[in-house]
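Peer 1: Numbering (numbering that gives the first Met the number 0), first residue to last: 0 to 373.
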Amino acid sequence: MDRCTFYSAELGSIENKSFRQLLVTKPPEAINTVAELLTNTTNWWLDICAPSNEEMRSISKIFRIHPLTTEDIQAQESREKCEIFQHYMFVSFRTFNQDFNSPNYLDAINFYIIVFKDGVLTFHFQDSPHPRNVRRRIHQLKDFIKVTPEWINYALIDNITDGFAPLIQHTELEVDSIDDLVLVLNGSEQNDMLRRIGSCRKTVMQLIRLLGPKADVLRSLIKRYEDKAKEMEYNNMRALEPNNTGVDSPPEHDEVKVHHDVTLYLGDIQDHIITMLQNVSHYDLILGRAHRNYIGQITIELSQAGNTTNEVINRLTFFATIIVPLNLVGGLFGMNVHVPGQNENDLTWFFWIVMGMLIYVVAMMAIGKRTGFL
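1) DSSP state of V338, grouped into three classes?
2) Report yes if the CB atom of I72 is closer than 7 Å to the CB atom of F18, and no otherwise.
3) Can you grab the Cα-Cα spacing for the pair F115 / L45, in whole Å?
4) Is the beta carbon of L220 less than 7 Å from the beta carbon of C3?
5) Ignore the nearest five residues each way along the sequence and tell me which others in E254's own chain have a CB closer than 7 Å to its CB.
6) Out of curiosity, what's the CA-to-CA distance linking R31 and T160?
7) State the DSSP-derived secondary structure class of K116, mapped to helix, strand or coil.
8) Would you call the segment 130 to 138 in contact with the segment 59 to 67, where contact means no fewer than 3 C-beta pairs closer than 8 Å?
9) Are the CB atoms of L265 and L217 nearer to each other than 7 Å?
10) Determine which residues share a DSSP beta bridge with E82 and list them.
11) Using 8 Å as the threshold, is the segment 171 to 178 in touch with the segment 132 to 145, meaning 3 or more CB pairs across them?
12) Please report how far the alpha carbon of H337 lies from the alpha carbon of L325, in whole angstroms.
13) Could you please give the first and the last residue of the uninterrupted alpha helix (DSSP H) stretch that includes S59?
14) Over what stretch of residues does the alpha helix (DSSP H) that includes I47 continue unbroken?
15) Just to confirm before moving on: does the CB-CB distance between M363 and I297 stay below 7 Å?
16) CA-CA distance, L184 and G295?
17) Have a look at T262, W150, D98, I272 and flag the residue whose alpha-carbon is nearest the alpha-carbon of Y224.
18) Following the continuous beta strand (DSSP E) through I144, name the residue where it begins and the one where it ends.
19) Can you check which of these residues, N278, I285, K227, I273, is closest to H258 by C-alpha distance?
20) Shortest alpha-carbon distance to R369 belongs to which of F317, F332, V90?
What follows is the structure, encoded as structure tokens:
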């Protein structure tokens with residue numbers, strides 16, 4: 000697996016297994032190695048997957064990266080943030096494992112972006128489709144846009160944000176399905192409803208955890224680019240004033256325009272993230288209501304089953320009340336002792352005993368009907 004990739008819009012992609020080997024690699028259409036291109040060219044992009052400690056030390060030394068930034072990358076700091084250093088900007092932005100068949104599906108993946116004036120460094124510790132997607136997008140748009148480090152940073156954040164859209168759409172369909180079915184399914188069809196609610200709610204919680212801090216990161220980026228654009232415009236105005244020979248050469252108008260455009264693009268991403276957060280929060284409310292409805296329906300069904308059981312028990316108790324005296328009478332007259340009528344040769348006693356039992360049974364049945372036991 001080629002872990003290290005150097006990319007520029009003019010030369011395309013150059014890949015290698017290690018950072019050291021990549022530095023001495025010479026592109027087919029170039030006379031310089033990658034190490035010389037990093038020094039002599041602009042608008043380059045170096046992507047490192049799972050950097051080793053030795054590679055991080057070398058990269059930090061070459062690009063003069065602050066030890067705090069190096070420590071955050073090596074420790075795989077999970078907090079999303081945007082930090083401004085003397086000659087670069089450090090952005091920590093999290094994506095997630097998009098392989099549905101993987102046991103680590105939806106697990107957070109830390110993505111680190113270091114934006115220099117001349118290029119971009121990116122670090123991640125798991126294989127991710129976002130660098131390939133952005134390189135493909137640059138290849139398609141390079142004739143229509145000016146590829147700058149700021150634009151690459153925007154494109155990466157935009158691609159990471161777009162990766163949440165299919166998952167949110169799938170979650171929306173699942174939430175709507177649960178909300179529609181939770182009150183209409185019968186008992187035999189509700190066996191997996193609680194599992195579906197729990198699984199969907201877990202996905203929603205993970206989305207909220209991943210999307211929550213992103214709006215603050217984008218707010219910091221937008222403020223940074225707005226301040227940079229204002230600073231460039233101020234330098235332009237100072238340079239146009241007479242007798243300002245000490246002012247540095249003003250930035251090109253295209254560079255100021257790029258900062259304005261990137262600010263607008265980042266604002267659009269921020270709107271998307273806020274919209275997704277609102278939708279996910281709404282899904283959480285729907286799932287909470289569906290869960291309560293499900294528990295309420297189960298409670299009602301259990302109560303109904305309990306009432307039915309009580310009715311059956313009451314009937315059995317009433318029948319037992321009828322049968323016990325009959326057993327008592329039958330037992331008394333069936334004992335091997337002297338009983339009334341045993342010396343009679345006809346069936347008079349037997350007839351009246353049976354008639355008395357029948358009258359007793361009919362009377363008790365009538366009482367049971369009147370009192371509601373039957």
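All C-beta atoms, glycine included, are put in the ideal place defined by N, C-alpha and C.
Predicted model, so just to flag it, every value in this text is computed and none were measured.
Peer 2: With the given structure in hand:
1) In the structure shown, the three-state DSSP call for V338 is coil.
2) In this structure, the beta-carbon distance from I72 to F18 does not fall below 7 Å.
3) Per the coordinates, the alpha-carbon of F115 lies some 11 Å from the alpha-carbon of L45.
4) No, these two residues do not count as a Cβ contact at 7 Å.
5) Within its own chain, the residues whose Cβ lies closer than 7 Å to the Cβ of E254, once the five positions on either side in sequence are excluded, are M231, listed in chain order.
6) Just to set this straight, residue 31 is Asn in the shown sequence, not Arg. When only Cα atoms are considered, N31 and T160 end up about 36 Å apart.
7) Annotated three-state conformation of K116 is coil, per DSSP.
8) As far as the Cβ criterion goes, the segment 130 to 138 does not touch the segment 59 to 67, which means the pair count is below three.
9) In this structure, L217 lies closer than 7 Å to L265 by Cβ.
10) In the DSSP assignment, the residues bridged to E82 are F89.
11) Touching, no, given that fewer than three Cβ pairs across the two stretches are closer than 8 Å.
12) Between H337 and L325, the C-alpha separation is close to 19 Å.
13) Membership of S59 in the alpha helix (DSSP H) is indicated by the continuous run 52 to 62.
14) Taken as a continuous stretch (DSSP letters only), I47 belongs to no alpha helix (DSSP H), being part of the beta strand (DSSP E) at 43 to 48.
15) Their beta carbons are not under 7 Å apart, which means M363 does not touch I297 by this criterion.
16) Each residue's alpha carbon lies about 14 Å from the other.
17) Y224 has its Cα closest to that of T262, out of T262, W150, D98, I272.
18) No beta strand (DSSP E) contains I144, which DSSP labels as neither H nor E.
19) With distances taken between Cα atoms, H258 lies closest to K227.
20) It is F317 whose Cα lies nearest to the Cα of R369.
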